[in-house]
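If you number the sequence shown the way this note's numbering does, the last residue is 575 and the count never jumps.
Every residue, glycine too, gets a C-beta built ideally from N, C-alpha and C.
As the structure is a prediction and not an experimental result, all values here were calculated from the model.
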Amino acid sequence: METDSTLARLGLFDARVPRYTSYPTAPNFAAAVGHEVFAGWAAAIPRATAISLYVHVPFCRRLCWFCACRTQGTSSDAPVRAYVETLKAEVALAAAALPAGTRLARLHWGGGTPTLMPPDSIADLAGTILAAFPLAPGAEFSVEIDPNEIDDARLDALAAAGLTRASIGVQDFDPEIQAIIGRDQSYEVTRSAVEAIRARGVRSLNADILYGLPAQTARGIADSVQKLLSLSPDRVALYGYAHVPWMARRQTMIPADRIPPPRERLRLFETARRLFVWDGYEEIGIDHFARPADGLALAARSGRLRRNFQGYTDDTAPVLVGLGASAISRFPQGYAQNAAATSDYVRAIRKGRLATHRGHAFTAEDRWRGRAIEALMCDFRIRAADLVGGLGAPPEAVAQAFATAAEAFPGMVATDALGFEILAAGRPLARMIARSFDAYDLSRAGHSSAI
């Protein structure tokens with residue numbers, strides 16, 4: 125109770141803050157970054173660099189009410205097939221912009237529902253991508269798989285393309301909660317999909333589960349977590365449900381009065397967290413868990429953990445190129461985002477140019493503040509030498525940032541000549557503490573609950 129009172133006094137249960145999967149966050153992107161800027165940044169990549177490639181497929185057979193992703197429903201394959209043809213054209217444009225010999229360290233298909241694609245489209249798209257950008261040694265190919273939207277033919281196509289990691293969304297196994305959030309997905313269907321994935325030799329399995337869903341209770345989330353643990357995923361993301369109906373109108377279908385209040389959200393998180401830890405998972409950052417031998421756990425222990433738009437990652441590639449509507453690329457020079465509306469994206473590609481619509485070019489201050497925020501989110505500590513010596517940050521500015529955060533969160537952080545650290549008691553406040561290093565106006569967008 126005393127801990128809750130301290131967290132309440134520091135504003136945890138009232139604050140809305142970014143998830144900090146980028147810095148600056150996407151609401152601060154601007155139209156000054158267009159396709160010419162993307163092309164210039166791409167051309168500056170050294171030859172034969174191994175990059176990461178993200179492919180966004182924005183279609184779903186049905187729209188889950190809880191989801192705030194950029195997706196659209198379709199009852200037929202025709203729009204999906206047409207979209208794949210556009211993606212193939214974008215692959216050709218990206219290949220022309222990137223230096224010869226560019227390879228892939230990571231390939232990830234997300235959405236939406238990538239497994240909505242028919243088997244021949246999966247094979248066609250994978251073949252087009254890998255012909256343009258061969259996989260580097262040790263590369264990973266991961267795909268987000270909807271257990272309700274997968275079958276043997278599509279899994280065979282993915283396996284033949286070289287799938288190494290599958291990611292499944294669970295959310296919650298309670299039928300009542302599934303009905304409220306518009307996501308019907310039984311444990312039996314999920315288990316069958318997992319067994320089929322593993323039967324094809326896929327090495328690794330990721331799973332997402334949500335806390336803070338309407339009608340969710342501590343007993344209920346414990347039951348869902350235990351069912352998920354029976355599937356033995358290698359990694360788990362325990363995300364807080366973000367109720368943002370002003371951004372995702374479909375969330376108006378969810379009864380707001382049944383959403384657990386912030387204090388209860390924290391208890392739900394703690395209930396799930398303890399179960400994962402008791403089962404031998406290592407805690408990764410603020411909301412991920414991994415088996416000790418998994419690459420994410422190895423990266424966390426060795427200080428190589430990073431954060432990107434998919435959450436925590438052990439991907440250290442210097443460039444991420446995003447293909448598809450709304451996809452975001454990250455270069456050493458900044459971020460570049462494709463047009464968000466599928467129609468605008470398709471129109472740009474059909475005109476024979478990259479679909480970059482907006483972005484952000486990093487300033488020197490962005491670089492050290494962004495690294496400080498990423499370090500806090502990944503490791504709960506910042507080494508001053510990394511900012512000052514590694515990124516050229518002004519020592520006085522770094523010292524002031526540390527002092528400001530320490531003053532705002534007494535007893536939750538520690539600072540000395542070597543750096544800044546979030547103490548164990550302060551970890552629920554990590555996003556809020558990271559916000560104190562953010563120099564941008566956070567009023568431009570409504571962010572999700574801090575817990």
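Cross-strand partners of residue i (DSSP beta bridge)
i: F587; result: Only positions 125 to 575 of the chain appear in this structure, which leaves residue 587 out of reach.
i: Q461; result: I452 and R482
i: W233; result: V179 and V267
i: A290; result: V267 and L329
i: R430; result: T437
i: Y335; result: G364
i: L444; result: S176 and R454
i: Q295; result: I333
i: S573; result: R140
Neighbourhood of residue i by C-beta distance below 6 angstroms, restricted to the same chain and skipping five residues each side
i: R559; result: V141
i: A221; result: A163 and A166
i: L187; result: G197 and R374
i: D298; result: G344
i: L422; result: none
i: R491; result: L515
i: I408; result: A414, L420, A424 and Y436
i: R307; result: C188 and Q295
i: R474; result: none
i: T539; result: F526 and A530
i: S354; result: none
Sequence-distant residues of its chain with Cβ nearer than 7 angstroms to residue i (five each side left out)
i: Q340; result: D296, I301, P384 and L392
i: M125; result: Interpretation of M125 is limited by its pLDDT of 46, a score under 50 that renders its predicted location unreliable; the figure taken from the coordinates is listed afterwards. Contacts found: none.
i: R482; result: F153, A154, A155, V157 and Q461
i: L282; result: I246 and V267
i: F455; result: W165 and V443
i: P238; result: V181, V267 and E268
i: A463; result: A449, Y469, A472, A479 and H481
i: V537; result: A529, A530, F544, E545, I546, L547, G550 and I557
i: A441; result: A174, I175, S176, A229 and R230
i: P148; result: H484, D490 and Y564
i: P203; result: F183
i: G225; result: R171 and A172
Burial state of residue i (16 or more Cβ within 10 Å)
i: R343; result: exposed
i: D270; result: buried
i: A488; result: exposed
i: Q434; result: buried
i: T252; result: buried
i: P182; result: buried
i: V443; result: buried
i: T466; result: buried
i: R327; result: exposed
i: M501; result: buried
i: S291; result: buried
i: V401; result: exposed
i: P519; result: exposed
i: D358; result: buried
i: T480; result: buried
i: G535; result: exposed
i: D195; result: Sequence inspection shows Thr at residue 195; the Asp mentioned does not correspond to that position. Buried.
i: D588; result: In this structure the chain extends from 125 to 575, so residue 588 is not present and cannot be described.
i: M241; result: buried
i: D248; result: buried
i: A527; result: exposed
i: G458; result: buried
i: T293; result: Note on identity: in this sequence residue 293 is Gly, with Thr being the wrong assignment. Flag for G293 reads buried.
i: D276; result: exposed
i: G236; result: buried
Own chain, CB closer than 8 angstroms to residue i, minus 5 neighbours either side, in chain order
i: M556; result: L134, G135, L136, A139, V141, F533 and A574
i: G364; result: L334, Y335, G336, R389, F393, D411, S572, S573 and I575
i: V505; result: It is Arg, not Val, that sits at residue 505 in the sequence shown. Cβ within range, chain order: A499, G543, F544, E545 and I546.
i: V445; result: A166, I175, S176, L177, Y178, A218, L222 and S453
i: F561; result: R493, A496, I497, L500, A525 and A529
i: T376; result: P369
i: R431; result: Y144, T145, G409, T437, E498, M501 and C502
Contact test: residue i Cβ vs the ligand ZN heavy atom, cutoff 7 angstroms
i: I274; result: Summarising the ligand content, the structure contains no ligands, and the ligand ZN is consequently not present.
**OP:** Could you pull out every unbroken beta strand (DSSP E) segment of at least 3 residues lying fully inside the stretch 346-424, listed in chain order?
**Re:** 359-364, 406-408 and 412-414
**OP:** Could you tell me whether the stretch 254-272 touches the stretch 222-236, using the rule of 3 or more Cβ pairs below 8 angstroms?
**Re:** yes
Original post:
Along the chain, which unbroken stretches of the beta strand (DSSP E) at least 3 residues long are found entirely within the stretch 494-563?
Top reply: 505-507, 537-540 and 543-546
Original post:
Are the stretch 311-325 and the stretch 270-283 touching, with three or more C-beta to C-beta distances below 8 angstroms?
Top reply: These segments touch.
**OP:** Pick out the complete beta strand (DSSP E) segments inside the stretch 176-262, 3 residues or longer, and give them in chain order.
**Re:** 227-235
Original post:
Is the stretch 202-215 touching the stretch 146-164, taking contact as three or more C-beta pairs under 8 angstroms?
Top reply: Counting Cβ pairs under 8 angstroms, fewer than three are found: no touch.
Subject >> Minimum length 3: unbroken beta strand (DSSP E) runs contained in the stretch 139-181 >> reply: 174-181
**OP:** Decide yes or no for the touch test of the stretch 344-353 against the stretch 396-406: beta carbon pairs closer than 8 angstroms, at least 3 of them.
**Re:** yes
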